[in-house]
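Below: the structure, in structure tokens.
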Ligand code: ADP
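Residue numbers (UniProt numbering): 613 to 885.
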């Protein structure tokens, strides 16, 4: 049982009494909360030793213990890649539990969406290797300044474009198209990839859900990315949807209000600075 109490005063400011509200937290709600806390604590604790391991690998790669052979360097770089994957999984788990417990606070500020998209796309592009996928960007010149959390916006864009890359075969293409509405902007990420089977489409934003497709194993992933992306879009007051045909490709579309949601004012932003 959780209790909260609010004092009640007369118009002459005399204390009349208190209203006490008792909340019956059911067992399942409690179990849910404990699970969320457990996931948050476990992910957080696992990150600390991982940071240390990563630091020592970096030291070894700098030849601190003498020069490395080519094979030693290769093995260390496999370890390093796997540490990065683990880190990404832990970050996703932390994000999910923070979102679930309402702890994610957006750091909203005026942003230049054009610049943010260009730099995000460039950073993603640099990480691609192995597959040849062409990527075209179409951003209008007259995008209005927007109120949003720049890091979370990067995360949304990165997740969608990374998925488009993961689930598209060698030789495919990705188009990122931004368009202006009267008080919103729309960002579409269109790929010529494997698509999503009709029966799976209703589950695509569900946590840990990964649809069967020919690139699933090779792509790797946790099934958390889209769930996080959807929550982040909704925290910004926006909407996300997709259109997909198996074997032909998928388009994810995000629509965001340019003004952020209604509680943003320049004064509230300055308070947070
Ligand atoms: P994952 O870590 O598996 O990529 P996500 O939550 O990002 O997790 O996506 C959930 C599932 O949705 C993926 O496993 C994949 O089956 C499907 N999916 C997401 N984006 C695409 C896309 N662009 N094309 C085809 N399937 C996609």
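Ideal Cβ placement from N, Cα and C applies to all residues, glycine included.
Bear in mind that the values here come from a model prediction, so they are computed numbers and not experimental data.
In chain order, 817 and 852 place their CB closer than 6 Å to the CB of residue 842, counting only its own chain and leaving out the 5 sequence neighbours on each side. Distances from the alpha-carbon of residue 660 to those of 770, 749, 695 and 676 put 695 closest. In the structure shown, residue 717 adopts coil according to DSSP, grouped into three states. When the five nearest sequence neighbours on each side are left out, the beta carbons in the same chain lying within less than 6 Å of the beta carbon of residue 776 are those of 786, 801 and 803, in order along the chain. Taking residue 767 as the centre and dropping the five residues before and after it, the same chain places the C-beta of 844 closer than 7 Å to its C-beta, in chain order.
Under the three-state reduction of DSSP output, residue 656 falls in the helix class.
Taking C-beta atoms as the reference points, residue 669 and residue 722 fail to come closer than 7 Å.
Between the C-alpha atoms of residue 794 and residue 761 there is a straight-line separation of about 21 Å. Residue 868 and residue 850 do touch by the CB rule: their CB atoms are close to 4 Å apart, below 8 Å.
When secondary structure is reduced to three states using DSSP, residue 661 falls in the helix class. Distances taken from the Cβ of residue 654 to the heavy atoms of the ligand ADP include none shorter than 6 Å. Judged by the Cβ position, residue 838 qualifies as a neighbour of the ligand ADP at the 6 Å threshold, a heavy atom of the ligand being closer than this. Going by C-alpha positions, residue 650 is about 29 Å away from residue 774.
With fewer than 16 other CB atoms across the displayed protein chains lying within 10 angstroms of its CB, residue 614 is exposed. Around the Cβ of residue 742, a 10 Å sphere holds fewer than 16 other Cβ atoms; the residue is exposed. DSSP places residue 619 in the strand class (E or B) of the three-state scheme. Taking a cut-off of 8 Å for Cβ pairs, the stretch 706-717 and the stretch 638-655 touch, as three or more such pairs fall below it. In the displayed model, residue 809 falls within coil according to three-state DSSP, outside both helix and strand.
Using a 10 angstroms sphere on the CB of residue 630, the tally of other CB atoms stays under 16, which defines it as exposed. The DSSP-derived three-state label of residue 687 is helix. Ranked by Cα distance from residue 746, the first of 756, 711, 733 and 752 is 733. Checking the 6 Å criterion, the Cβ of residue 816 is within range of a heavy atom belonging to the ligand ADP. Only residues of its own chain outside the window of five on either side were considered, and among them 615 and 617 have a CB closer than 7 Å to the CB of residue 632, listed in chain order. Shown here, residue 637 sits in coil according to DSSP, grouped into three states, outside any helix or strand. Sequence-distant partners of residue 740 (beyond 5 residues in either direction) whose C-beta falls short of 7 Å from its own C-beta, in its chain, are 777.
Taken through DSSP and simplified to helix, strand or coil, residue 867 comes out as strand. By DSSP's assignment, residue 857 forms a beta bridge with 861.
For residue 801, the secondary structure class from DSSP, reduced to helix, strand or coil, is strand.
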